[in-house]
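Heads up, the sequence shown is in my numbering, so the first residue is 108 and it goes up one at a time.
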Amino acid sequence: MRAFGDAPREKCGVFGIYGHPESAVFTYLGLYALQHRGQESAGICSRLADGSMRFHRDMGTVAEIFPERELRRLKGDAAVGHVRYSTTGASRLLNAQPIYVEFAKGHLAVAHNGNLVNADQIRKRLEGEGSIFTSTTDSEVMVHLMARSPEKAPEDFIGDALRQTHGSYSLVALTPDCMVAVRDPRGIRPMCLGSRMWTDDDGREHKAWIVSSESCAFGVIDADYEREIEPGEMVVIDDAGLRSVFPFPPHREAFCVFEYVYFARPDSIIRGKMVYDVRKELGRRLAGQLADRGVRGDVVISVPDSSNPAALGLAQASGVPYELGLIRSHYIGRTFIEPKQQIRDFGAKLKYNPVGSTLEGREVVCVDDSIVRGTTARKIVKMIKHAGAAKVHLAVSCPPWRYPCYYGIDVSNYTELIANEVQSDLERIRGYIGCDTLTYLSLDNLLEATGLHRQSFCHACFDGSYRVPPVDFVAEARKQLDFTGLPDFSSIEDDDDGDYGGYTDGGS
Ligand code: SF4
108 MRAFGDAPRE KCGVFGIYGH PESAVFTYLG LYALQHRGQE SAGICSRLAD
158 GSMRFHRDMG TVAEIFPERE LRRLKGDAAV GHVRYSTTGA SRLLNAQPIY
208 VEFAKGHLAV AHNGNLVNAD QIRKRLEGEG SIFTSTTDSE VMVHLMARSP
258 EKAPEDFIGD ALRQTHGSYS LVALTPDCMV AVRDPRGIRP MCLGSRMWTD
308 DDGREHKAWI VSSESCAFGV IDADYEREIE PGEMVVIDDA GLRSVFPFPP
358 HREAFCVFEY VYFARPDSII RGKMVYDVRK ELGRRLAGQL ADRGVRGDVV
408 ISVPDSSNPA ALGLAQASGV PYELGLIRSH YIGRTFIEPK QQIRDFGAKL
458 KYNPVGSTLE GREVVCVDDS IVRGTTARKI VKMIKHAGAA KVHLAVSCPP
508 WRYPCYYGID VSNYTELIAN EVQSDLERIR GYIGCDTLTY LSLDNLLEAT
558 GLHRQSFCHA CFDGSYRVPP VDFVAEARKQ LDFTGLPDFS SIEDDDDGDY
608 GGYTDGGS
């Protein structure tokens, strides 16, 4: 994953385990595997043998902030963890998760991936009624709603709170008695369930349950992948085992299609599909679009690492050889995540270096997974040409990113989007980036490449079809849609009709 400048950023990853004496260590390892979903802060909260809870949160990557003594202090038989990317300044540590509170109902730790689109409205109401917030996160709004709920059981007060919210959440909560994992009714952000058998000193077998944003976290702790947590499903795990409830009215599924393009790790399984396989299929379909345009090239390269599978698929489908044309440094620290222009400029050169023998004198098909501002693509094209390429054909494995995301991705301002600023004029984008041809994967090809039903996806960032009205962002959304000449925001209806449209996953 690119860790600076011109890339959409997933805000969080969550992990939880219940029923293993090494829960804190396993959570630490699980967060390691989820590090691509957030590198600015991380945290673990664990339940100790006596039912008390301890936590540690800090700014930095998992490796940086959890010394061994800290993991020993967190030793317990259940734990939840979180990795986060955030943009706020001085309050960043306060925004780190899991959130931990002690309140009238006991102790509670909450780790959240996603974004509520009515959090500001709820927060203003709660502040008007005397509530005091210690962070700027929408996750704390959820915790306030849980605390104010008249319900006593965790599954009831969590469900009661979440029914008042709109937006995306894959959330895991830990109390002294149970762990609760829940996905929003549209299942916008991913979360899956795993398990791990273990044997105690008396030879008795036990099963620990695990939840994670992505299944790539299971391999590192030798856990088995069980299944997706379904949209709108709440899984409650306690000493009696696991039970599943569906506490929300049903909604049409709207899984973030960009997880397949970029956010998720390629070795994760999401909705029954290996992300790597989907990305290769994106590349194959991109090859078809290039052929339709008469673009071929002498060599296919990728912008590493997230574009590698699509480039491989494109090369295999087109018969043009795939080679390494850019080498990525993996040793850039957090300094280069800072969103300052000077550092972004420096960061692009520090992060990628061209391979002259691959590029010199050749017509290069360069595959990238997305273009947000266009600044990094411009630098990369310049770098490839400077290394001697005769031509650069930029092939992007998703459609033009034209609209902000309000569901947990850090692209919430249309002015950041080059495809929006120039109002769909791809020739102007090509001119700015400096490539010889520019080809974006079509939305139809993107959705069909997943092999899943197209109506089960969110793709609002590509076509403005917001499935959950972003009520906190109405003014911005209206400006955005007016700007691009699409219908006024008032024409966007919440799809709270419980209509599943009669579709099932697996056929398009
Ligand atoms: S708007 Fe785009 S990035 Fe955001 S959830 Fe929908 S598909 Fe994903």
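In this text, a Cβ means the ideal position worked out from N, Cα and C, and glycines have one as well.
| Item | Value |
| --- | --- |
| Coil, strand or helix - N460 by DSSP | strand |
| Limits of the beta strand (DSSP E) - the one that E209 falls within | I206 to F210 |
| Neighbourhood of G404 by C-beta distance below 7 Å, restricted to the same chain and skipping five residues each side | V427, E470, V471, V472 and H500 |
| Residue range of the unbroken alpha helix (DSSP H) whose run includes K118 | Element bounds for K118: n/a, residue is neither H nor E. |
| Rounded C-alpha distance that separates G213 from R303 | 28 Å |
| C-alpha gap between K118 and L281, whole angstroms | 21 Å |
| Where D475 falls, given that 16 or more other Cβ within 10 Å makes a residue buried | buried |
| Close-in-space but distant-in-sequence residues of the same chain around I376 (CB under 7 Å, 5 per side omitted) | S322 and Y332 |
| Any 3 or more C-beta pairs closer than 8 Å across the segment 134-153 and the segment 161-181 | yes |
| E147 classed as buried or exposed, judged by whether at least 16 other C-beta atoms fall within 10 angstroms | buried |
| Whole-angstrom C-beta distance between R372 and V382, which should lie under 8 Å | 7 Å |
| Cβ-Cβ distance between L278 and A218 below 8 Å | yes |
| Unbroken alpha helix (DSSP H) run spanning A288, endpoints | Element bounds for A288: not the alpha helix (DSSP H) but the beta strand (DSSP E), M286 to R290. |
| Distance, S425 Cα to A398 Cα | 8 Å |
| CB-CB length for F162 against Y207, believed under 8 Å | 5 Å |
| Beta-carbon spacing of G390, P283 below 8 Å | no |
| Own chain, CB closer than 7 Å to E523, minus 5 neighbours either side, in chain order | V479 and R480 |
| Within 8 Å, strictly: CB atoms of I265 and V287 | yes |
| Contact test: Y514 Cβ vs ligand 1 heavy atom, cutoff 7 Å | yes |
| C-beta neighbour in chain D for G468, strict 8 Å | As a matter of chain content, chain D is missing from the structure shown, which is built from one protein chain. |
| Same chain only: Cβ atoms within 7 Å of P506, ignoring 5 sequence neighbours per side | Y547, L548, S549, L550, L553 and F569 |
| Limits of the unbroken alpha helix (DSSP H) element including I344 | Run containing I344: none in the alpha helix (DSSP H); it sits in the beta strand (DSSP E), M341 to D345. |
| Contact test: A567 Cβ vs ligand 1 heavy atom, cutoff 7 Å | yes |
| Classification of I239 by the beta-carbon crowding that lies within 10 angstroms, buried from 16 upward | exposed |
| Residues near K182 by beta carbon distance below 6 Å, same chain, minus five either side | A131 |
| Buried versus exposed call for F122 [16 or more other C-beta atoms within 10 Å across all chains shown] | buried |
| Burial state of F210 (16 or more Cβ within 10 Å) | exposed |
| Range covered by the beta strand (DSSP E) that runs through A216 | G213 to L223 |
| Continuous alpha helix (DSSP H) stretch holding V248: start and end | D245 to R255 |
| Range covered by the alpha helix (DSSP H) that runs through T483 | T482 to H493 |
| Own chain partners of H358 with C-beta closer than 6 Å, once the 5 adjacent residues on each side are dropped | P292 and R293 |
| Contacting residues, own chain, Cβ-Cβ under 6 Å from V352 (five flanking each side not counted) | M341 |
| DSSP-derived helix/strand/coil call for D165 | strand |
| F365 CB to nearest heavy atom of ligand 1 below 7 Å | yes |
| Contact check, F370 vs R537, beta carbons under 8 Å | no |
| I295 Cβ short of 7 Å to ligand 1 heavy atom set | yes |
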